[in-house]
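Residue numbers (the numbering used here), protein chains in the order written: chain E, 1 to 216; chain S, 217 to 432.
For each residue, glycine too, the CB sits at the ideal point set by N, CA and C.
All values reported here derive from a predicted model rather than from experimental measurement.
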DNA sequence: AATGGCATTCTTGTATACACGATAGTTGAC
DNA sequence: GTCAACTATCGTGTATACAAGAATGCCATT
């Protein structure tokens with residue numbers, strides 16, 4: 001439990017939304033939430049305020065909070081921006097790579113290799129996250145890193161759906177290899193290009209996303 | 217005055233921060249703010265929560281809220297990300313340009329021309345903002361547009377300082393011309409490249425920024 | 001039977017009261 | 001004289017009470 005109830009609730013509700021426990025479009029009743037978590041409405045409201053500012057829910061004045069339903073098109077747009085930011089992170093990482101970052105990338109990369117070889121989709125999902133975070137960190141841009149982590153969080157559920165697609169694991173890992181190679185050889189432009197295509201959901205991958213969303 | 221006091225306060229305090237009325241590092245006392253705006257502490261707290269989520273202030277548990285002091289390096293990082301996002305917006309705009317967007321860009325662009333010709337730095341500052349927003353809108357990506365607008369807002373004060381630099385007006389406008397040309401001819405890559413360098417603060421422009429910040 | 005207006009009820013928005021933790025100032029001891 | 005500990009005060013965190021707006025259901029009228 002975090003420092004104060006408000007932040008704890010924010011994380012709690014955020015996770016509930018990201019794990020679809022609170023479905024998109026669902027109304028979030030302050031009193032119900034307060035009872036559920038055994039607190040008063042005050043910290044609940046503070047948590048909701050923050051989630052509204054982040055963009056996870058929408059609070060319409062006097063009409064309560066609802067979970068935002070992004071819809072396929074908007075999710076595509078979010079991946080598009082994510083791809084751009086990761087591309088920047090990759091290009092900066094290639095330019096600024098130091099020993100510690102290199103080791104962090106290598107370590108997470110080899111963990112991905114193991115999960116991919118084992119065909120363990122859940123493990124790969126987690127290791128993949130760490131791999132990408134290692135690249136953000138290697139960019140040496142605190143602000144960029146924060147933006148990437150935040151957007152990554154919001155896209156987490158959809159990323160998870162994507163990994164379920166057949167062969168996606170091995171494809172993803174081989175793309176990782178090329179990315180690591182570009183970063184380690186200091187080829188910023190190539191790292192940027194590779195990450196953009198790796199992260200973006202062009203063509204059939206967008207259809208995959210829509211299909212897996214519809215399946216829920 | 218907005219729908220409810222909380223949102224109104226959020227905007228009010230946000231503007232106060234962006235206009236340096238509340239200086240970076242300054243402590244924001246809930247009671248003082250409540251008295252100043254003639255409301256109770258509750259909506260003040262809600263406003264602060266949101267500003268914390270946006271990243272304008274930092275609330276340390278039990279220790280109150282302080283205005284975040286980005287520092288030159290972090291501002292540089294923010295411009296770096298802004299440049300990347302604007303580059304993406306430009307490239308999308310070039311690909312997707314329609315009649316309405318084209319007209320909006322043309323209109324704001326010619327307003328910039330007039331302000332630049334008149335040497336009116338304040339007017340150009342405003343028109344420039346509209347010009348960039350027209351490009352965001354032309355990208356036809358709602359999410360990207362929102363991200364750009366938000367970051368643009370946060371960088372507003374520093375952008376203003378930048379424009380004070382000698383000759384920056386005419387330089388900026390001629391860059392605009394090239395950007396408009398690239399977008400209108402459908403050259404996405406060129407639009408991206410031009411916007412990146414237009415928005416970023418490489419080399420001497422970073423020193424200009426630091427100097428003008430120190431001058432305050 | 002359908003629709004419009006009114007009243008009731010439920011939920012949100014704001015204020016206030018109270019509790020707990022942090023900070024600062026003062027006093028005492030070494 | 002300096003440092004540490006204790007106490008008092010101030011400010012944040014949470015709960016609750018109250019006010020106001022929105023939604024819903026019922027009744028009357030057409």
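In this chain, the beta strand (DSSP E) harbouring residue 283 of chain S covers 280-283.
One alpha carbon belongs to residue 168 of chain E, the other to residue 194 of chain E, and they sit about 16 Å apart. The residue among E/79, E/52, E/51 and E/205 with its C-alpha nearest the C-alpha of residue 166 of chain E is E/205. Taking every protein chain shown into account, the CB of residue 348 of chain S has 16 or more other CB atoms within 10 angstroms, so this residue is buried. Taking a beta-carbon distance threshold of 9 Å, residue 429 of chain S does not count as an interface residue toward chain E. For the pair of segments examined, the region 349-356 of chain S was found to touch the region 307-324 of chain S: the number of CB pairs separated by less than 8 Å reaches three.
Among the residues facing chain S, residue 147 of chain E is included, as its CB has a counterpart in that chain under 9 Å away. Checking the DSSP bridge columns, you'll see residue 410 of chain S has no partner listed.
The beta carbon of residue 424 of chain S does not come within 9 Å of any beta carbon belonging to chain E, so the residue lies off that interface.
Residue 18 of chain E is bridged by DSSP to nothing; it lacks a bridge partner. Beyond the five residues adjoining it in sequence on each side, residue 262 of chain S comes within less than 6 Å, by CB distance, of 222 in the same chain, given in chain order. Contact between residue 138 of chain E and residue 182 of chain E is absent: CB atoms are separated by about 12 Å, not below the 8 Å threshold. According to the DSSP assignment, residue 417 of chain S belongs to no beta strand (DSSP E), since it is labelled neither H nor E.
Residue 224 of chain S and residue 264 of chain S have their C-alpha atoms spaced approximately 12 Å apart. Distance from the Cα of residue 67 of chain E is smallest, within the candidate group E/21, E/160, E/212 and E/73, for E/21.
With distances taken between CA atoms, residue 277 of chain S lies nearest to E/4 out of E/4, E/151 and E/191.
At a cut-off of 9 Å between beta-carbon atoms, residue 283 of chain S makes no contact with chain E. When CB distances to chain S are screened at a threshold of 9 Å, the residues of the region 85-99 of chain E falling below it are 85, 87, 88 and 92, in chain order. Here residue 361 of chain S is buried, its C-beta having at least 16 other C-beta atoms within 10 Å.
Between the alpha carbons of residue 419 of chain S and residue 174 of chain E lies a distance of about 37 Å. Taking a 10 Å sphere around the C-beta of residue 44 of chain E, we find 16 or more other C-beta atoms and assign the residue as buried. Here residue 155 of chain E has 75, 78, 79 and 82 as same chain residues with Cβ atoms under 8 Å from its own Cβ, once five neighbours each way along the sequence are excluded. Taking C-alpha positions only, residue 128 of chain E is separated from residue 271 of chain S by approximately 27 Å. Residue contact with chain S for residue 39 of chain E: absent (no Cβ-Cβ distance below 9 Å to any residue of chain S).
In the structure shown, the three-state DSSP call for residue 3 of chain E is coil. Residue pairing by DSSP places residue 351 of chain S in no beta bridge whatsoever. Each residue's CA atom was taken as its position, placing residue 140 of chain E and residue 256 of chain S some 42 Å apart.
In the DSSP assignment, residue 168 of chain E falls outside any beta strand (DSSP E) and within the unbroken alpha helix (DSSP H) covering 168-184.
Near chain S, meaning a CB-to-CB distance below 7 Å, the residues of the region 55-79 of chain E are 61, 74, 77 and 78. Within the region 133-158 of chain E, the residues whose Cβ lies closer than 7 Å to any Cβ of chain S are, in chain order, 141, 142, 143, 144 and 147. For residue 230 of chain S and residue 143 of chain E, the gap between their C-alpha atoms comes out near 19 Å.
The C-alpha of residue 377 of chain S is placed about 10 Å away from the C-alpha of residue 426 of chain S. According to the DSSP secondary-structure assignment, residue 28 of chain E is paired through a beta bridge with E/65. Within the region 402-421 of chain S, contact with chain E at the beta-carbon level (separation under 8 Å) is assigned to no residue. Annotation for residue 380 of chain S: no alpha helix (DSSP H) segment contains it, and DSSP assigns it neither H nor E. Each residue's CA atom was taken as its position, placing residue 316 of chain S and residue 430 of chain S some 42 Å apart.
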